[in-house]
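Visitor:
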Amino acid sequence: MTLSTAALREKRIPREPGVYLMKDGHGKIIYIGKAKDLSKRVGSYFVKRDLDLKTARLVESIADVEFVVTDNETEAFLLESNLIKRYRPAFNIELKDNSRYTYLKITDEPFPRLLVARRNRGGEFQGPKGRIYGPFVRGSSRYLTVGLLRKLFKVRICNRLPKVPCLQYFIKNCDAPCIANVTREKYMEGVDALRDILDGKSSVERFARQMETEMRQASDLGDYERAKEIRDTLYRLDNLRIRQKMEKASKSPDEEYVGIVRDAKKGMAHVMALKRSRGVISDRKKFEFETLADNSFSNFLLQYYSSSPAIPHVIYASEEPDSKAVLEESLERLAGHRVRITQAESGERRRLMELVMRNIEMYVERGYAPAVVELRKALSLSSMPEVVDCFDISNLGTDIAVGSSVRFSNGKPDKDGYRKFRIKTVKGQDDFAMIGEIVRRRYLSGDMPDLVVIDGGKGQLAAAAGALAGIGLSSLPCISLAKENEEIYVQGAGEPLVLPRRSPALRMLQHARDEAHRFGLAYNRSLRKLTRP
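Per the working numbering, residue 842 is the first one in the sequence shown, and the count goes up by one each step.
1. Which residues in the same chain have their Cβ closer than 6 Å to the Cβ of Arg856, if we skip the five residues on either side of it in sequence?
2. Buried or exposed, going by whether 16 or more other CB atoms sit within 10 Å of the CB of Ser1223?
3. May I have a chain-ordered list of the alpha helix (DSSP H) segments no shorter than 4 residues that lie completely inside the stretch 1310–1341?
4. Tell me which residues share the same chain as Ala1210 and place their Cβ nearer than 6 Å to its Cβ, disregarding the 5 neighbours each side in the sequence.
5. Can you tell me whether Ile873 is helix, strand or coil according to DSSP?
6. Touching or not, the stretch 1185–1197 and the stretch 1324–1338, by the rule of three or more beta carbon pairs under 8 Å?
7. Take Gly1361 as the anchor and find which of Val1005, Pro1290, Ile1279, Ile925 has the nearest alpha-carbon.
8. Is the separation between the beta-carbon of Glu1055 and that of Ile1071 shorter than 9 Å?
9. Between Leu1317 and Met1289, which are expected to be in contact by the criterion C-beta below 8 Å, what is the C-beta distance as a whole number of angstroms?
10. For Phe966, which residues in the same chain have their Cβ closer than 8 Å to its Cβ, ignoring the five residues on either side in sequence?
11. Starting from Lys1261, follow its DSSP beta bridges and name the residues at the other end.
12. From which residue to which residue does the alpha helix (DSSP H) around Arg1174 run?
13. State buried or exposed for Ser1286, treating a residue as buried only when at least 16 other CB atoms are found within 10 Å of its CB.
14. Using 9 Å as the threshold, is the C-beta distance between Glu1129 and Lys1116 below it?
15. Going along the chain, which residues of its own chain have a beta-carbon closer than 6 Å to the beta-carbon of Ile1020, five neighbours each way excluded?
16. In the structure shown, what three-state DSSP assignment does Glu1195 receive?
17. For a test of the three-state rule: what should DSSP assign to His867, helix, strand or coil?
18. Near Leu1216, what residues of its chain come up, given a Cβ to Cβ distance below 6 Å and the 5 sequence neighbours on each side ignored?
19. Leaving out the 5 sequence neighbours to the left and right, which residues in its chain are closer than 6 Å to Asn923 when beta-carbon positions are compared?
20. Taking C-beta to C-beta, are Ile873 and Asn933 nearer than 9 Å?
21. Output needed for Asn1014: all residues of its chain with C-beta closer than 6 Å, excluding positions within five of it in sequence on either side, in chain order.
22. Am I right that Gly1277 and Gly1307 are in contact with their C-beta atoms under 8 Å? What's the rounded C-beta distance?
23. Enumerate in chain order the residues of its own chain whose CB-to-CB distance from Gly1258 is below 6 Å, with the five nearest sequence positions on each side excluded.
24. Could you check what DSSP says for Glu1096 in three-state terms: helix, strand or coil?
25. Among the residues of its own chain, which have a CB less than 6 Å from the CB of Glu907, if the five just before and after it don't count?
26. If we call anything under 9 Å between Cβ atoms a contact, is Ser845 one with Ile871?
27. Mind checking who Glu901 pairs with in its DSSP beta bridge?
28. Is the CB-CB distance between Cys1319 and Leu1338 below 9 Å?
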């Protein structure tokens, strides 16, 4: 059952910054958002009448709303990000690329273990309780060498402490706390050293130096077995030390370029992040999310960088995100250094951003027919003309006049969208007025296309545009196609547009026009047969 406005008022949501959690009828969190004014933002969902379809679907599913007040917007940003990661609500932005990262866990046990931490479908970490470290980039030393880390720090791998030592003890990978071969205090020295490295408080280099000192001391004391054991451990460290140096070198990328393209038709946003380290492009990631409720570019950036092992000092964005200052402050808290979000104005940086945007456009265009993509570019439309309606008048003589409308979906005829009209309000052969009538009648009941095409020239286009404006649809793109020279007339343009004869976009428009003519003529002929004496 949807939450009523009366029930919402009873909750007395404060006019303070914070986070709101929307739940369905089963008590499951389905959306988490932040607000500068909780009462105003939450209330807006239930009073707006012009919600997009996806947000309307969310509102219909809301049975309850909870909230958490914060001291300021920055804390609301960070809390929202943490809660989304924890609960993974169905309507929030979910970074599909999260599989690129992994987490490690040191368990809360008397003799702790090092594990790869895994999440269940609800986003909770599974397995025994413990401290989580990460995320780490796939390919980083910490992920690839979990087994090596266990060996280096003598961390046990057994699920339960056995009563007898296992193979790991005999190959000197574990000191066998299971048989009290090592005290807990001594065992924890290795665990604490590992924690310091995972926390970033220490480095593998520092640990190696300590072991080299211990190896010399053991040798001086004549404990050659211990010295040999440390030497073998140092040999194991070599690979890890090299990897950590490489990782540190790329830990603070010089720059990152993030572009966003919205597909309004499908209610989706496509984002690409391009990383450049020391002048070289080193990584590229692609994401997409639904543009419903408060899912925004700003939300994406916070979710993306709060899951990233490193946050760059400079982020070049294709557009300025909303609440930019609060977002920068939130990222600075996570990064521990200043973060600046700006736009690439000129030079090489601008060319890199243009490269990012071209790549995103390619992803968006893959879901559409080439003719649809070309038509959008030719007409400079804000969204893909996936659904195109074409109108024609069939007027044979003065006694019977009809109109037709055919629909093309993604470049192909969609017979469910075909409509036929018998002219009711126009007397005589006034094609302009007839066009106005059938366009108005077609859209009084809704079912909007992305583009309206009229068979004719300037006069027919003006008649159709006037009819659309008369029913409040002046923003709906409308063009006409004149048959003689295949010229495309666009509202507000001084000269007609002429596309190459082999253009997929032109061929689609011609197909739609011919289909509208065929469909209208067939209707006209059928009516004439019925009225014949």
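Glycine included, each C-beta is placed from N, C-alpha and C at the ideal position.
Guide: Reading from the atomic positions:
1. Cβ within range, chain order: Asp878, Ser880.
2. Ser1223 counts as exposed, since fewer than 16 other beta carbons sit within 10 angstroms of its beta carbon.
3. Counting whole runs of 4 or more residues, the stretch 1310–1341 contains no alpha helix (DSSP H) stretch at all.
4. For Ala1210, where only same-chain residues beyond five positions count, the Cβ hits under 6 Å are Asn1251, Gly1252.
5. The answer is strand: DSSP assigns Ile873 an E or B state.
6. In short, these stretches do not touch, since the Cβ pair count stays below three.
7. Of Val1005, Pro1290, Ile1279, Ile925, the residue nearest in Cα terms is Ile1279.
8. A contact, by the Cβ cut-off of 9 Å.
9. The Cβ separation is near 7 Å, so the contact holds.
10. By the criterion of a C-beta distance shorter than 8 Å, Phe966 is surrounded in its chain by Tyr944, Lys946, Ala958, Arg959, Arg960, Ile973, once the five residues flanking it on both sides are discounted.
11. Answer by DSSP bridge pairing, in chain order: Ser1245.
12. Element bounds for Arg1174: 1165–1176.
13. With fewer than 16 other Cβ atoms within 10 Å, it is exposed.
14. Judged by beta-carbon spacing, Lys1116 lies beyond the 9 Å limit of Glu1129, meaning their Cβ atoms are not closer than that value.
15. If the five residues before and after Ile1020 are omitted, its C-beta is found closer than 6 Å to the C-beta atoms of Pro1006, all from its own chain and listed in chain order.
16. Three-state result, Glu1195: helix.
17. Looking at His867 - three-state DSSP - the assignment turns out to be coil, as it is neither helix nor strand.
18. Excluding residues up to 5 positions away in sequence, Pro1226, Ala1346 lie with their Cβ nearer than 6 Å to the Cβ of Leu1216 in the same chain.
19. None.
20. It is a contact, given that the beta carbons lie within the stated cut-off.
21. Answer for Asn1014: Lys992, listed in chain order.
22. So it is a contact: roughly 6 Å between Cβ atoms.
23. Scanning its chain for C-beta atoms nearer than 6 Å, with the 5 sequence neighbours on each side dropped, one finds around Gly1258 the residues Arg1248, in chain order.
24. Glu1096: strand per DSSP, three-state reduction.
25. Only Leu862 meet the Cβ criterion.
26. Contact flag unset, no.
27. Beta-bridge partners assigned by DSSP to Glu901: none are found.
28. It is not a contact, given that the beta carbons lie outside the stated cut-off.
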